[in-house]
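Engineer:
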Amino acid sequence: MFKKTLNTEDTLKNSGLTDEEQQLFSNARPQAYEPYPIKAVEDFANWARANSLWILAFGTGCGAIELRPLMTARFDANRFGVAGRPTPRQSSVFVIGGYASVKTLKRIIRSYEQMQGPKFVIALGICPVNGGMYFDSYNTVNQFDQYLPVDLYITGCMPRPEVLVAGIMELQKKIKAGECNGANLYVENFDWYKSNQKKVIKNWDMPDYNW
Amino acid sequence: MVATTDTIDIFLQPLGIYILALGVGFLIPLVYRVNRNSAILVFFTALLIMIVIAGLNLLAIINGASVMDIETAGIKPPFSINLRFGLFEGACVLAVNTVALLGAWHYLPRLKQHAAALLLYLILVMGINGMVMTRDLFNLFIFIEITSIATYALIGMERTAKGLAAGFKYIMATSIASAFYLLGTIFIYYQTGTLNIDDIIANQQLIIGPIGFIATLFILTGLLIELKPYPANGWGLDVYETAPGGIASLISVGVSAGVFFALYKVLPIMDLYLTSIAFIGGFTFLISNFIGLKQENTKRLLGYSSIGQMGLLTLVIALLVQLDASAHIPLIIGGLFINHLFAKAGLFWLAAIVDRKNIKDWSSIAKHPSLLILLCILLTALVGLPPFPGFWAKWELVMLLASEQLFGWITLILIGSLLEAVYLFRWFSYARNVESSESVEKPAEVSVSFLQQIPIFITGLLLFAIAYVMSRFMNVDNQLIYFPLMAGFAIWLIDRLNVRVKSLIMLLAVSIGGYFLTKDLEGINKLFSYLLIGGGILVSFATLYRHDDRKGFYPLLSVLLLSLATLLRAQTSLEFFFAWELMALSSYLLVMLGRNKQNCDPGIRLGNDQKNDQKYNQINAIKPALIYLLFSLASAYFILVGFAVSYSATGNYFLFSLGDSGTSTTLAFSLLAIGFIIKIGGFGLHIWLPEVYAEADDDFTAILSSVVSKAGIFGLIIIAAHLGVRADIGLNPAYVLGWIGILTATFGALMAVFQEDIKRLVAYSSMGQLGYIVTGVALMSHLGWVSAMYMTVNHFLFKGILFLSVAGVILRTNERFMYKMGGLIKNMPVTFTFTMIAIIAMSGVPPLSGYGGKWMFFNALMDKGWYWIAALAFFSSAVAFLYMFRLLQTVFLGQRKLEHRKLREAPVILLIPQGILIAIIFVISAYPKILIDVISTAIDPWISNTLVWKGTAMQAHYGYWDAPLIMAIIAGAWIAPLILLLLFAKTMKVQKVEQFNIVYAAERPRRPEETHFAYNFYAHYDRAIGFVVRPRATAFWNAVIEWTHSFAASLRIFYNGNGQTYALFIIMYFVGLFLVNGGLAL
Amino acid sequence: MIVEGLGGWLSKVGNFSLTLLIVTTYGLLMGAFIERIIAKVQGRIGIPYRQPFINILKNFFKRTAISHGVMFYLGPVFRIAGGIGTLAFVPVIYGDEMFSNFSMAGDLFLVIYFMFFGQLGMALGAGESGHPYSAIGIARGLSQMTAYEIPFALAVISIVIQYDTLSITQIVAAQQGGWQNWTVVTNWVATLAAMLAFLGMMGYSPFDIFLAPQEIPIGPPTEFHSAYLGLMQLNRALFGATKLVLFMNLFFGGATGWVELMIKTFLIYMVAIVIGVAFPRFRVDQGIRFFFKIPTLIGIMSIIYVQMVLTS
Amino acid sequence: MKDMLQRLQRDFNISDITERQLRLTTFHVKKQSAETLLRELRDREGYTHLNFMTCIDYIEDDIFTLVYMLHNYDKKNTLGIHVNISRDDEAMISIHTLWAQAWTYQRELREMYGIRFPGSPRVDEDFCLEGWDQIPPMRREFDTKKFSEERFGHRAGRQSEQPRKHMKVELYPNRGGDEK
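Just so you know, the protein sequences line up as chains A, B, C and D, in that order.
Under our numbering, read the first sequence as residues 1 to 211, first letter to last.
Under our numbering, read the second sequence as residues 212 to 1293, first letter to last.
Under our numbering, read the third sequence as residues 1294 to 1605, first letter to last.
Under our numbering, read the fourth sequence as residues 1606 to 1785, first letter to last.
1. Can we say the segment 1459 to 1473 of chain C touches the segment 1494 to 1506 of chain C, given the rule of at least three CB pairs closer than 8 Å?
2. For the 8 Å Cβ check, are there 3 or more pairs between the segment 782 to 797 of chain B and the segment 590 to 597 of chain B?
3. From the DSSP secondary-structure annotation, give me the bridge partner or partners of V95 (chain A).
4. For the segment 21 to 53 of chain A, enumerate the residues whose C-beta is nearer than 7 Å to any C-beta of chain C, in chain order.
5. Counting only beta-carbon separations shorter than 7 Å, does Q143 (chain A) have a partner in chain B?
6. Is the number of C-beta pairs between the segment 1346 to 1361 of chain C and the segment 43 to 54 of chain A that are closer than 8 Å three or more?
7. Determine the burial state of R1649 (chain D): buried for a count of at least 16 other Cβ atoms within 10 Å of its Cβ, exposed for fewer.
8. What's the call for E21 (chain A), buried or exposed, on a 16-neighbour Cβ count within 10 Å?
9. Runs of 4 residues minimum, wholly inside the segment 1664 to 1726 of chain D: which ones carry the alpha helix (DSSP H) assignment?
10. Return the Cβ separation of G341 (chain B) and F354 (chain B) in integer angstroms, given the expectation that the two are a contact with Cβ distance under 8 Å.
11. Looking at L779 (chain B): is its Cβ nearer than 7 Å to the Cβ of T861 (chain B)?
12. Chain A beta carbons: is any one of them nearer than 7 Å to that of R1215 (chain B)?
13. Report the rounded CA-to-CA distance for L1603 (chain C) versus W1472 (chain C), giving the unit in angstroms.
14. What's the call for Q663 (chain B), buried or exposed, on a 16-neighbour Cβ count within 10 Å?
15. Would D566 (chain B) pass as a contact of A753 (chain B) if the rule is Cβ separation under 7 Å?
16. Between which two residues does the alpha helix (DSSP H) containing G236 (chain B) stretch?
17. Report all residues from its chain with a CB closer than 6 Å to the CB of I228 (chain B); omit the five preceding and five following residues, and keep chain order.
18. Which of helix, strand or coil does DSSP assign to C587 (chain B)?
19. Please return the same chain residues whose Cβ sits closer than 7 Å to the Cβ of G749 (chain B), not counting the five positions on each side in sequence.
20. Give me, in chain order, the residues of the same chain whose beta-carbon lies closer than 8 Å to that of G374 (chain B); leave out the 5 immediate sequence neighbours on both sides.
21. Taking the alpha-carbon positions, what's the D824 (chain B) to Y1030 (chain B) distance?
22. Exposed or buried, E1516 (chain C), counting other C-beta atoms within 10 Å across all chains shown (16 or more means buried)?
23. I want to verify the contact list: residues of chain B whose CB lies under 9 Å from the CB of F1503 (chain C), in sequence order.
24. Please list, in chain order, the residues of the segment 118 to 148 of chain A that have any C-beta partner in chain B closer than 7 Å.
25. Please report how far the alpha carbon of E1221 (chain B) lies from the alpha carbon of T1670 (chain D), in whole angstroms.
26. Nearest-angstrom Cα distance between M383 (chain B) and D482 (chain B)?
27. Ignore the nearest five residues each way along the sequence and tell me which others in R89 (chain A)'s own chain have a CB closer than 8 Å to its CB.
28. Should K1355 (chain C) be flagged as near chain A, meaning a C-beta pair shorter than 7 Å?
29. Counting only Cβ pairs nearer than 7 Å, list the residues of chain E close to P88 (chain A).
30. Of the residues B:I1129, B:L270, B:R321, B:G1268, which one's Cα is nearest the Cα of Q380 (chain B)?
31. With which residues is V1201 (chain B) paired in a DSSP beta bridge?
32. Can you list, in chain order, the residues of its chain with a C-beta nearer than 8 Å to that of N1474 (chain C)? Leave out the 5 residues immediately preceding and following it.
33. With a threshold of 7 Å between beta-carbons, can K103 (chain A) be considered close to chain D, or not?
34. Considering just the uninterrupted stretch of the beta strand (DSSP E) at L1629 (chain D), what are its terminal residues?
35. Could you tell me if L333 (chain B) is buried or exposed, where buried requires 16 or more neighbouring beta carbons within 10 angstroms of its beta carbon?
36. Would you mind telling me which residues of chain D sit closer than 9 Å to I201 (chain A), beta carbon to beta carbon, in chain order?
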């Protein structure tokens, strides 16, 4: 699936930036992390991660409206350790709320890269899968997983919060099983992802990896 | 042979002066025709011989010869005219003749063009000599006329329309005055039948009734008019303005001296008018100095100063005669007179050779060090700063007046002196003002030959010499008080050496000198000697970081530091005051050496117009320096009066007897406290402080704040010790002092919060922190004083570090506005660390040294029951966090500017003193007992020790404090989580990122300037409570200045330049005097 | 001798570690409990009790992190050192040598001043991250702190006058012997002023603008994550609980056992919570002005009250 | 209203006056007199509020029709001013001098239709699309489907149904999608 289309030098070029700006951004490549050497520790860690899912409060599309009821009395995702977090540095789950326009995609990438691993992506709705009703739009991406690794899809247009809750529980299961390693996948196929991203984002004026 | 000696002896009698003047005078036109140069030679020889005659005779009198009465025409008085040559006459004649000689030298280029000019000059000098020496009323009239005519003729030599008009007004006015005088003489003669002054004095009971009244009034008016009293003096000012410098100086000092002496002679028959004379003198002194404020014409300004000084002399002589204190005449009148004579003459000559009409154009001498130094010396002398004669005279005068309880006059004299200092030093400020390159009208450089400066230089030397002689009479430790000046002079001699060499020599000299000066001190003085001298040298070491030449900096710095040492050593209030004034003067000059990037109007408007400053980037130390001097002088005058009050009660100058002031204690304490609080920058009187700290050189600001400000604290503790504890004054002044202190702390902190300029921020912070110390001193308890001293030491430590690190930051970034910096921690980690530690020490957060001070302070406040002050102290120390964080955040943290990415760490020379101070902070923090024991020992003689130690813990009535244990616990609490974090960091991949790698709401930062939150950092705080810190004090003082200037302007309405009006004023002046003295009742 | 002394200190450190553990755990549990109560009010179930622990664990189990520099790294360390130190200087259980911690090192004044330690260090750490929101949050937080410091200082002065001591242990001792001896009864004016200051101190609504979760993403800690955040969360529980213990000691008679401590601190905490859920947020200048008005007035009255009524 | 329209007809030669709804009237005006007309309406007639401005692409007639929607608060009615501009010379006078907020609309129209508004502030900056490198997407000659497939790709396995037909099948599987 992943074809290397960019060079794999150790440093990024940050070529979208001017010379002056290049010294203001880090140009280090992201690195993959190994599981803890002790299996029990890794399992325990995964259990903790699964039970403390902090969702980045970034409504990226129409599906963002489905995230709000999660915290209400009816759905109460707090029960599962889900909480909203306004800064990507502290979040562990990124819910792509439906369609992702090119302009938003740029911000999604930036925010995703600023999250600290392990981090998980839930793609909500049909649009991230194949464009959905926006399949022929001039500014909506059709296959979201070309640009960021997705750990879980919740399809539908629009999936109701119940489905979202079910999806979150599904994600927890996957995390506990140690199957969610999207962050590493992204790092390992970094060049492929980058070339895809740059193919659609034409004014790339941010660093190649947003630390 | 014997006959020759006799002849010489006879010739060298005072009468020789006249013979010489007349003889040579009429010889000169002859010689002039033959050879011009010989005429000049003859002229100078004559003047020189006059000096020799006066000098030899004066020496004889000082050595015990009797007063010489010279009879003329071989008949005894009263039937013939006689002259007297006593001590006063001799001194006066010698001084006048010296000035005349120097003036002739100065004025030679013009004088030598006419034989008549040489002749007139000699006649004029002779006339003055005559006025001084004659004892005959009518003869006196003749000499006055001779002088007037000669003066008029000399003025007329300048053939300008204005000059001629002025000359005409002069002759008109003096004629009217002479007419008055002559009428008076006639009436006196009518009543007493004699013209001899001694006879008249002996028979003054004959001068009675309306005729006697009118007679004396006429004589008085005639003489007073010649002294140019306000408002009948417009003609005199015109003369000063238009007459050439050589002549103006002679009129100002010579003629006035003669007339003044004449007045002195006839004073014994003026008993009736003494009060009037005093008022006239005082009024003239005050008003002239007021008007001087508005003056920009150099010579007219000097004229006002002259008239003012003569007014002061008139006032003082009348008071002295009234008080029957003629024993003080030599020191007070002599001192004031000589001071005025030489300084004013020198200034007139300087004004003449520089030849800049408007004082604003004097910046053309800014590059002439010799002229600047001369100007500075003469102005300093004229204002009465040490070591010049005026200083001693002023001291004596104030002490005398205080002991007679004449505080009204003291106030008048000091206000007048302050006003005079304002316009004189404003002039100096203009002269010091280096023009910027953009300035449109750049005044041409003056070219002055060395020869031209010699007369002025000689007057300067004479002033020093006379001052030294005077100080011999003042019962002070000469070697002690002159030591700083000597050292400064010595350093000045090597000022041309390499900056490194001379600075090291200076440091060495000050160390040795300071050591010997302070080695046998004890108690509080010893403690302060560590701070002021040791600390001063340590902080001064940092001045080495600059590579530029810094002419004048090191001599002045050595004077400053050593005057601090003499301040500590002072045994008497006079020595203390001398050292205090010397300190003020040297620090003023040092401030003035500060940055001068652009010229600005050094008018004395106050205030930090930050918006404007930013806009024009005006950085200029001249205006703040002037304000600094004024506040220093005001502070010194308060201290002077305070000492005087104490002296009036105790009768001696010793500091240790301050406590015996009895009922005057409260007044003395209050006055002295106000004086010191001005120096510390207390609430309401602080406005000078931020500007001075901001504009002085960065390294000198460190010295100012960490060292020099402690002198004020020292003074406060000294007076609190002597006056507060021993005399057990009531609680009230101390309580007020406590409030002033805490308000200073609160408002200093609040003001600091809203500053954009880093130096202003630190300056306000310094002021605020000193506020706690003032309150600590005001507590008058052992714990209070220990806390005050502890905080003093701490203030020295953290302010030294802060100002030096700020100096480093400014050096590297070349910026002062904090929002233009940011992120410097990456470039200057050491400076950041030092600053951070200093700030923690300042804030009072445990475990560093600030906590101890705050803890003791709070406990002492609670002990005393000053709860409201304690609450405010809490609040202000919380507010302090705001500006402390702002300093660190906006300068060192946040976003670094692109142009700052390549900056280097501050120079090592700046870091070394900071490092030493940091080490001391840590030692004191971990084990404060070593410091507190020293402090406690110093304080114990004054207040009984109340400290309780339990192991390492200190116990107070309320609380307890175990510094080493706290240090250990906090270290443990800090290290444990650090280890935890390091352990977990091992399990992560930690990436070091750059400054723009921040969460920015999914966008990216564009420019560091936009991303750095720094400008108007506490806008919300300003919105909430900013209204309490609107610069009210500044507005108030500006209003005072504005009002004073308008008042001064309104006083000038009498001077319309019209001769008729002036004549009318003179007549009306007489009528006024007549009415005021009860003429109608007769 | 030395060994004996060392042993004494070691046991003290051990005792303190135990206190630290209990207080931190209690603080975390109480946080969860409060969350659950709020959830119940809103008709939800709310987080499980273990949730705060899991959150902290998760943060420590993060595998990547970034660092903006040394000060950024040290910020959380300063923060939690402030929490631990503050607890160390507060005696937790009255009459129990084991849980009086290191209160012999300093008095109430030390505790109040040491509270700033963590804030200052944290502020510097956040500052180095270079994020403008951090600086804004800190500027707001510090300003608000100066404001609530006034009524708090007045209240503290009032009770110091009342009990004639700065020692927390003695202040607690003076309140023993029944609820009628508690400061809240004997000096209710000071308690009122202090509890108003307490609202600001706890950072709940209406005084939570410096955290402002939406506008300036959670304020100062915007850039902190993984283990840094873990430390800060630990501190939040620990420091919050310590503040509660301090208030309990000063105004509510202290505690002679852990159960009493938990009940009292919980009730004190509920004051902030109830007011927090009931009132909307103040803007920062409004908050500052609020503290300068009525709470300050009450504080002033408390001193007058002590002087006029209690000590006359 | 009628008077006003008549006057406008006389002064500005407006045409196609249509009363679309009770309080909505539209008419056409020539491109060169449009700005003067708008100014007249704003200053004299009380149409002080610019509701919006937009554009319709009549590719068949080779014109763009710009629509300015103005509202009068006193009369509570709305005017739609239609201005036809040629697709060959797709430029229009900027009206940001009349309504400051118009620059936003004009920037959008510039991006989406490529209509030029000389002098309008920031008109050439990106508005919604960042780094757009094709012909303006709202022009009807732009084939979005083709563009989308080229740039965003097409996920294999996607199949599009006609909704009505598909739902019939879904709802009534037994009857083969027949409602009856």
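Ideal Cβ positions, reconstructed from N, Cα and C, are used throughout, including at glycine.
Here the structure is a predicted model, which means the values were calculated and not measured.
Structural biologist: Once the coordinates are examined:
1. no
2. yes
3. A:I122
4. Y33, A45, A48, R49, N51, S52
5. no
6. yes
7. exposed
8. Buried, by the Cβ-count rule.
9. Complete alpha helix (DSSP H) runs here, min 4: 1707 to 1718.
10. 4 Å
11. no
12. Output row for R1215 (chain B): interface = yes.
13. 17 Å
14. Counting Cβ neighbours within 10 Å, Q663 (chain B) comes out buried, since at least 16 surround it.
15. no
16. 226 to 245
17. M261, I264, N340
18. helix
19. The sequence given here places Leu at residue 749 (chain B); Gly does not occur at that position. Within the same chain, L749 (chain B) has close Cβ partners P1124, I1127.
20. I366, G367, T453, A454
21. Bear in mind that a pLDDT of 42 at D824 (chain B), under 50, signals an unreliable position, so the model cannot answer this.
22. buried
23. Ordered by position in chain B, no residue passes the 9 Å Cβ test against F1503 (chain C), which lies about 10 Å from the chain.
24. none
25. 41 Å
26. 29 Å
27. The beta carbon of R89 (chain A) is closer than 8 Å to those of Q114, M115, Q116 in its chain, skipping five residues each way along the sequence.
28. yes
29. No chain E is present in this structure, whose protein chains are A, B, C and D.
30. It is Lys, not Gln, that sits at residue 380 (chain B) in the sequence shown. Measuring from the Cα of K380 (chain B), the nearest candidate turns out to be B:G1268.
31. C:A1358
32. A1467, Q1468, G1546
33. yes
34. It spans 1629 to 1634 - the beta strand (DSSP E) in which L1629 (chain D) sits, taken as one unbroken run.
35. buried
36. E1735, G1736
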